[in-house]
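Everything below concerns the one structure shown next.
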Amino acid sequence: MVQNYHPQRKKDLPMKTIIIGGGIAGLTCACACLDAGMEVEVYEKRDLESMLSGAGGIFIQQNAMRVYDLLGQGKIREHLYAQGAKILKGGFFSKKAELLYLNSPNFANVEDLGICLLRPKLQRLLYDSLPAGTVRTNAALTKFVETPEGVNVSFADGREAWGNVLIGADGLYSKVRAFLAGEEQQKPAIYSGMTCWRGWFEKKNILLDERYSWAELWGCGDRFGYFDVGGGQYSFYAFKNNPPGGDDSATGGAKKTLQAIFADYA
Ligand SMILES: Cc1cc2nc3c(=O)[nH]c(=O)nc-3n(C[C@H](O)[C@H](O)[C@H](O)COP(=O)(O)OP(=O)(O)OC[C@H]3O[C@@H](n4cnc5c(N)ncnc54)[C@H](O)[C@@H]3O)c2cc1C
1 MVQNYHPQRK KDLPMKTIII GGGIAGLTCA CACLDAGMEV EVYEKRDLES
51 MLSGAGGIFI QQNAMRVYDL LGQGKIREHL YAQGAKILKG GFFSKKAELL
101 YLNSPNFANV EDLGICLLRP KLQRLLYDSL PAGTVRTNAA LTKFVETPEG
151 VNVSFADGRE AWGNVLIGAD GLYSKVRAFL AGEEQQKPAI YSGMTCWRGW
201 FEKKNILLDE RYSWAELWGC GDRFGYFDVG GGQYSFYAFK NNPPGGDDSA
251 TGGAKKTLQA IFADYA
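FYI, in my numbering the residues of the sequence shown are 1 to 266.
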């Protein structure tokens, strides 16, 4: 567990920062603000268990890793390397496993291209790095009002908070952004035409080409990717061009749906 490696708050800094959203962005931003000596409160609308959950894994490429190198006196980077798997050689393949494109740390003369790990592990690691009480859950922002000194924030359960600065890290349907942009109603997301499934599996259950730490196989209108996330586990993602509103229960569940889509893959 990473335990609050952030330095003491600088008392001469009056900056109190309110962050809305306890996702990857909100928790990372909280680490950075604490490291800079600010006082930080993170407000998250979900309960802690949901906040720390997440489907499948995530690639933290070297550019993102440079941010974590700077945070928590380098301890966050250490824990990411301890808990995840290095991004090593991998590539894109046809669905019959013919190589289309290869990438490798050797090409850039580096040891690895970053880290992959399960999303809940990343969330937990970032959360544990913050001082107890920094994150306040079940707190859904409803509105905020700017004042000459800062901003007053209100939450659905009647709570209020004040800060010099408000940071919106509340994701795709950001209320903070909607307020700032003067949008009466949040804009609905536009369906991309593709459905994505994500999850993970035990490495020992599936025969994989050991030469690659990640791979993505391309069919026509569908593709399947997997990557090592450490601890003997692999994360996967699967895309298919589909009309909106699909329902896996109509085909016997997600596993059966995926088996049917990818039946002719190598
Ligand atoms: C299929 C897929 C694969 C991806 N793979 C990668 C990858 O490999 N590498 C990578 O770097 N990125 C990847 N991304 C992108 C990455 O996952 C996102 O950019 C990232 O998770 C966004 O994090 P966030 O903290 O900004 O938002 P979110 O994770 O959406 O967090 C927002 C938080 O704000 C909370 N919230 C919302 N409204 C309120 C409110 N009113 N009050 C209080 N709290 C609120 C939410 O509950 C949530 O916890 C992928 C995305 C997808 C969809």
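Quick reminder that beta carbons are idealized off the backbone N, C-alpha and C, glycines included.
Apart from sequence neighbours up to five positions away, the residues of its chain that approach R77 with a beta-carbon distance below 6 angstroms are Y68, D69, ordered along the chain. According to the DSSP assignment, C196 belongs to no alpha helix (DSSP H) but to the beta strand (DSSP E) extending over 194–202. In this structure the stretch 228–244 touches the stretch 192–202; the number of beta carbon pairs closer than 8 angstroms is three or more. Straight through space, the alpha carbons of L125 and A178 are spaced by roughly 30 angstroms. Listed as beta-bridge partners of C116 by DSSP are F59, A85. At the C-beta level, G56 and V42 stay beyond 8 angstroms of one another. Beta-bridge partners assigned by DSSP to S235: W200, F227.
With distances taken between CA atoms, L102 lies nearest to K89 out of C220, K89, A108. Exposure of T147 is indicated by the presence of fewer than 16 other C-beta atoms within 10 angstroms of its C-beta.
With a cutoff of 7 angstroms, D170 counts as near ligand 1, since its C-beta is closer than that to a heavy atom of the ligand.
Its chain contains T142, K143, E160 as the residues whose beta carbon lies nearer than 6 angstroms to that of S154, once the 5 sequence neighbours on both sides are disregarded; these appear in chain order.
Between the stretch 127–135 and the stretch 23–35 there are three or more inter-stretch CB-CB distances shorter than 8 angstroms, so the stretches are counted as touching. The stretch 86–165 contains, as complete beta strand (DSSP E) runs of 3+ residues, the segments 90–94, 99–103, 114–118, 141–146, 151–155, 160–163 (chain order).
Inclusion of G182 and V176 in the CB contact set at 8 angstroms is not warranted, their separation being larger than that value.
Between ligand 1 and C33, a heavy atom-to-CB distance of less than 7 angstroms is absent. Taken in chain order, the complete alpha helix (DSSP H) segments of 4 or more residues contained in the stretch 29–81 are 48–51, 62–70. When the beta-carbon positions are compared, A139 and D157 come within less than 8 angstroms of each other.
The beta carbon of L122 sits closer than 7 angstroms to those of I24, I58, all from its chain and outside the five residues before and after it, given in chain order.
Assigned with DSSP and collapsed to three states, K175 falls in helix. Between R66 and the set G230, S53, L80, the nearest pair of CA atoms involves L80. Taking Y265 as reference, the option from A85, S53, G219, K187 with the minimal CA-CA separation is G219.
E216 is bridged by DSSP to F92, G225. A Cβ-Cβ distance of about 6 angstroms is found for the pair D222 and I261, placing them in contact under the 8 angstroms criterion.
Between ligand 1 and the CB of I115, the shortest heavy atom gap is not smaller than 7 angstroms. According to DSSP, I19 shares a beta bridge with V42, I167. F107 sits away from L100, with the two beta carbons spaced by 8 angstroms or more. The alpha-carbon of L180 is positioned some 16 angstroms away from that of G163. Separation of S249 and K204 (C-alpha to C-alpha, rounded to the nearest whole angstrom) is 28 angstroms.
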